[in-house]
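**Q**
Spelled out as structure tokens, the structure:
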């Protein structure tokens, strides 16, 4: 408690949870959800996802046209050399990967639903 900095936004958010207004279920749930989703395991899972690997590969090819690298090689490099091992292995890493996969699937289903609606609507 002595290390709390009133100018630090994170410290203020934690203190808000102890305030009368912060004791609501919604505030506690929002804080817990953010703590669960924004951590090193989730960021690691996102960095190892196929869209990010493809984006990094595309950027490497744009900057260095002579370099030929595949997604699998780049993925192995990121997993073995760039990201810390504790964010890849273990229960928390598996949970984060499952959350990312679930969120990506949800986005894909929403995108497909919008595309189907756009096709079904007659153009006037």
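Numbering (the numbering used here), first residue to last: 61 to 184. Backbone N, C-alpha and C fix where the C-beta goes; we use that ideal spot for every residue, glycine too.
State the Cα-Cα distance for the pair residue 116 and residue 147, rounded to the nearest angstrom.
**A** So the two alpha carbons sit approximately 19 Å from each other.
**Q** Are three or more beta carbon pairs between the segment 153 to 168 and the segment 100 to 117 nearer than 8 Å?
**A** At 8 Å Cβ cutoff, the stretches touch.
**Q** Cβ atoms of residue 108 and residue 127: under 8 Å apart, would you say?
**A** Against a cut-off of 8 Å, the Cβ pair of residue 108 and residue 127 comes out as no contact.
**Q** How is the alpha helix (DSSP H) around residue 117 delimited, first residue to last?
**A** Here the alpha helix (DSSP H) through residue 117 covers 110 to 123.
**Q** Below 8 Å on the Cβ atoms is my guess for residue 95 versus residue 160; work out the distance and round it to an integer in Å.
**A** Actually they are not in contact, since the Cβ atoms of residue 95 and residue 160 sit about 16 Å apart, beyond 8 Å.
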